[in-house]
Amino acid sequence: TMSEVEKHNNSDSAWIIVDGHIYDCTHYLKDHPGGVDSILINAGTDCTEEFEAIHSDKAKKMLEDYLIG
Numbered sequence: 021t022m023s024e025v026e027k028h029n030n031s032d033s034a035w036i037i038v039d040g041h042i043y044d045c046t047h048y049l050k051d052h053p054g055g056v057d058s059i060l061i062n063a064g065t066d067c068t069e070e071f072e073a074i075h076s077d078k079a080k081k082m083l084e085d086y087l088i089g
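Sequential numbering of the sequence shown, starting at 21, is according to the working numbering.
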């Protein structure tokens, strides 16, 4: 649920929603080319628009590895 996702909004647990799916990006934070902060700003939210506007098809495919719900 959205209320559960909202709890995961920091570097210890960074979840995002994209296209209605929940992804746990916690273990990708240090490897993200855009930096940790760009994920943490959106952690705990539905960031579909932000994600789609910036990321390549390759990045969208990589996101599948972090799908949890």
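The beta carbon of each residue, even a glycine, is placed where N, CA and C say it ideally should be.
Inset, instruction - Tell me, please, which residues DSSP counts as bridged to Ile59. - result: Partner(s): none; Ile59 has no beta bridge.
Inset, instruction - Go ahead and label Ile88 buried or exposed: buried means 16 or more other beta carbons lie within 10 angstroms of its beta carbon, across all protein chains shown. - result: exposed
Legend entry - N-terminal and C-terminal residue of the beta strand (DSSP E) that Ser31 is part of: It is not in any beta strand (DSSP E) - Ser31 carries neither H nor E in the DSSP assignment.
Inset, instruction - Name the two residues that bound the continuous alpha helix (DSSP H) containing Ile42. - result: Taken as a continuous stretch (DSSP letters only), Ile42 belongs to no alpha helix (DSSP H), being part of the beta strand (DSSP E) at 41-44.
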